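The sequence shown begins at 32 in the working numbering and counts up by one.
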Amino acid sequence: MTNQARISKVLICLAAAMTIGAMVLMALDSKSPSGGAFSLTSYINLNPIEQVALTAGTTGPGKWNRIEVCYSGTQAGNIGHLAKLAGLTSGSELNYHFVICNGQGASDGHIQATRKWRRQRPCLPTENWYGSDQTIRICTIAENSRNAPTDCQIKRTAELTEELARKFDIPTRQIIYPDNWQL
32 MTNQARISKV LICLAAAMTI GAMVLMALDS KSPSGGAFSL TSYINLNPIE QVALTAGTTG
92 PGKWNRIEVC YSGTQAGNIG HLAKLAGLTS GSELNYHFVI CNGQGASDGH IQATRKWRRQ
152 RPCLPTENWY GSDQTIRICT IAENSRNAPT DCQIKRTAEL TEELARKFDI PTRQIIYPDN
212 WQL
């Protein structure tokens, strides 16, 4: 057998093994292939975390000591949509600091800073939330079990919480995610 023929056979076997391995991994993955791979191009087009998290007027360490991530309970939306659902006249009254969209209402992974965040105002306790005035609230557009957050939302939420924790010296144990959140 010539060296050229051996190299060809090895390359063909390598390509076949990699293809079969990829198919096995996709079959074992709990997510559908239609969700697609994480796209770097779409990610680059999103607003930078630093720009959103560190808007004008942000304070230093001490103002915030906890971060809480929750689901919107909706399949789609953005600040305006959530405000309408809550019966508010505008998104400026929304009781969150950030909203992370899922591609249905704004781009997947797009982070919207609310008026409360831009003015460094605390969220107010409600019948469904009993947090403190030092808690940064992040709302992810998702329904929990039926409509889980997208991969892009999860990545962007992780980056946002890391940036906020770094900026405001918030320990990791003070970052609260929903029960079934996958980091």
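Quick reminder that beta carbons are idealized off the backbone N, C-alpha and C, glycines included.
The model shown is predicted, which means the values in this text are computed figures rather than measured ones.
Spatial neighbours of residue i in its chain, beta-carbon cut-off 7 Å, leaving aside the 5 residues before and after
i, result
"Ile201", "Trp95, Asn96, Arg97, Ile98 and Leu195"
"Met49", "none"
Residue range of the beta strand (DSSP E) that includes residue i
i, result
"Ala144", "Ile142 to Ala144"
"Thr166", "Thr166 to Thr171"
"Glu99", "Arg97 to Tyr102"
"Ile131", "Phe129 to Ile131"
Host alpha helix (DSSP H) of residue i (start-end)
i, result
"Arg150", "Here Arg150 belongs to no alpha helix (DSSP H), and DSSP marks it neither H nor E."
"Leu59", "Asn34 to Leu59"
"Gln184", "Asp182 to Phe199"
"Glu81", "Ile80 to Ala84"
Close Cβ partners of residue i (< 8 Å) along its chain, the five nearest in sequence each way excluded
i, result
"Pro64", "Confidence at Pro64 is low in this model, with a pLDDT of 49, below 50, so its placement is unreliable and the value that follows should be read with caution. Closer than 8 Å at Cβ, skipping near neighbours: Met57."
Presumed contact (8 Å Cβ cut-off) between residue i and residue j, rounded CB distance
i, j, result
"His141", "Leu77", "6 Å"
"Cys183", "Asp139", "5 Å"
"Ile110", "Thr145", "6 Å"
"Ala173", "Asn133", "6 Å"
"Ile185", "Gln213", "6 Å"
"Val100", "Tyr208", "5 Å"
"Ala114", "Gly122", "4 Å"
Own chain, CB closer than 6 Å to residue i, minus 5 neighbours either side, in chain order
i, result
"Leu175", "Reading off the sequence shown, one finds Asn at residue 175, where the question assumed Leu. Hits under 6 Å: Tyr102."
"Asn178", "Gln106"
"Thr181", "Asn133 and Asp139"
Touching by the beta-carbon criterion (3+ pairs, under 8 Å), the stretch 155 to 175 and the stretch 36 to 49: Because the criterion of three Cβ pairs below 8 Å is not met, the stretch 155 to 175 and the stretch 36 to 49 do not touch.
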